[in-house]
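K.L.:
Below is one structure. I have some questions about it.
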Amino acid sequence: MKPPKIAKDKVPQHVALVMDGNGRWAKKRGLPRTKGHEKGESALFDVVEGAIQIGVKELSAFAFSTENWRRSPDEVKFLMGFNRDVIRRRRDEMHRMGVRVRWVGRPQKLWKSVIEELEIAEEMTAKNKVLTLNMCVNYGGRAEIADAAQKLAQDIQRKKLKPEQINEKVFAKYLDAPQMRDVDLFLRSSGEQRTSNFLLWQSAYAEMVFMDVLWPDVTRQTLWKAIEIYADRDRRFGKA
Ligand code: IPE
Ligand code: IPE
Ligand code: MG
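In this text, residue positions in the sequence shown follow numbering that gives the first Met the number 0: the first is 0, and each later residue adds one.
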């Protein structure tokens, strides 16, 4: 399978993925919600391969939000174990493909075993350059900004920084992943048209594309279609 031909400067460098619709996919088939999550695994890794083929440099995958703790204890437990297993199962393959895996999110409440697997993957793939895959686990945009404000306030209290030195660039250094690029393409599956608190700061000027396909049915072609839509958009960044 070959990706569509798109001028290099029209390919988004950073794609944010809201992997939504697993529960509905399962419900349609009379299956438990967890079956939808399981089916979603291969969708993500197909999209990773498709991203490499077309020349995307950074992919951020929303795997578990700071709001997802509100789900039933059984589903939360499943999602924690599932994230841990997926990272363990897939990291060698990611490493072979030249993918650098990074965890973005809050440690509070997150299972230790999930953090451990993420840290092993980060260490193993630290030097890879083909694509950066930000695994956003226990991530929330507002949580990230509030946590950054707290760290910044501490630095001011310790006299490491003066209030008048704060600007967008300085503030961004306090975010969970300061090296993350701004999001170019914000892609959500399942037809829902909202950010659900994903990468709020980084998506200030992202192009939003909402695809009417449930996450387990997503393939690299879905990503390529979204990139074609993106390439046709006129990004102005406030200019006339
Ligand atoms: C996305 O699918 C997966 C996670 C949020 C972890 P959902 O579980 O939200 O599926 P729907 O939206 O209920 O169909
Ligand atoms: C967003 O999807 C979170 C993830 C994909 C991990 P949700 O299904 O949790 O979002 P809402 O509840 O529809 O806004
Ligand atoms: Mg959902």
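Ideal Cβ positions, reconstructed from N, Cα and C, are used throughout, including at glycine. If you're wondering where the values come from, they're calculated on a predicted model, not measured in any experiment.
How long is the line joining the alpha carbons of TRP102 and TYR138, rounded to whole angstroms?
P.N.:
Distance between the alpha carbons of TRP102 and TYR138 is about 9 Å.
K.L.:
What are the start and end residues of the beta strand (DSSP E) that includes VAL14?
P.N.:
Residues 13-17.
K.L.:
Anyone know if the C-beta pair for ARG187 and VAL169 falls short of 9 Å?
P.N.:
Against a cut-off of 9 Å, the Cβ pair of VAL169 and ARG187 comes out as no contact.
K.L.:
To the nearest angstrom, how far is it from the Cα of GLU40 to the Cα of ARG89?
P.N.:
Answer to the nearest angstrom: the Cα atoms are 10 Å apart.
K.L.:
If you drop the 5 nearest sequence neighbours on each side, which residues of the same chain put their C-beta closer than 7 Å to that of VAL10?
P.N.:
Cβ within range, chain order: ILE53, GLY54, VAL55 and ILE226.
K.L.:
Examine ligand 2 and report whether any of its heavy atoms sits within less than 8 Å of the Cβ of ALA62.
P.N.:
Under cutoff, so the answer is yes.
K.L.:
Do you know whose CA, among GLU92, LEU16 and VAL85, lies nearest GLU217's CA?
P.N.:
Going by the sequence as given, residue 217 is Val instead of Glu. Checking every option, the nearest Cα to that of VAL217 belongs to LEU16.
K.L.:
Counting along the chain, where does the alpha helix (DSSP H) carrying ALA145 start and finish?
P.N.:
That run of the alpha helix (DSSP H) goes 140-156.
K.L.:
Would you mind stating whether ARG99 and ASP175 have Cβ atoms separated by less than 9 Å?
P.N.:
Taking 9 Å as the Cβ cut-off, ARG99 and ASP175 do not qualify as a contacting pair.
K.L.:
Given ARG141, which residues of its chain have a CB within under 7 Å of its CB, disregarding the five upstream and five downstream residues?
P.N.:
Once the five neighbours on either side are set aside, the close Cβ partners of ARG141 are ASN196 and LEU199.
K.L.:
If we count Cβ pairs, one from each stretch, closer than 8 Å, do we get three or more for the segment 43-51 versus the segment 124-134?
P.N.:
With a cut-off of 8 Å, the segment 124-134 and the segment 43-51 count as touching, because enough Cβ pairs lie within range.
K.L.:
Run through DSSP, which three-state label would ARG99 get?
P.N.:
Residue state, collapsed to three classes: strand.
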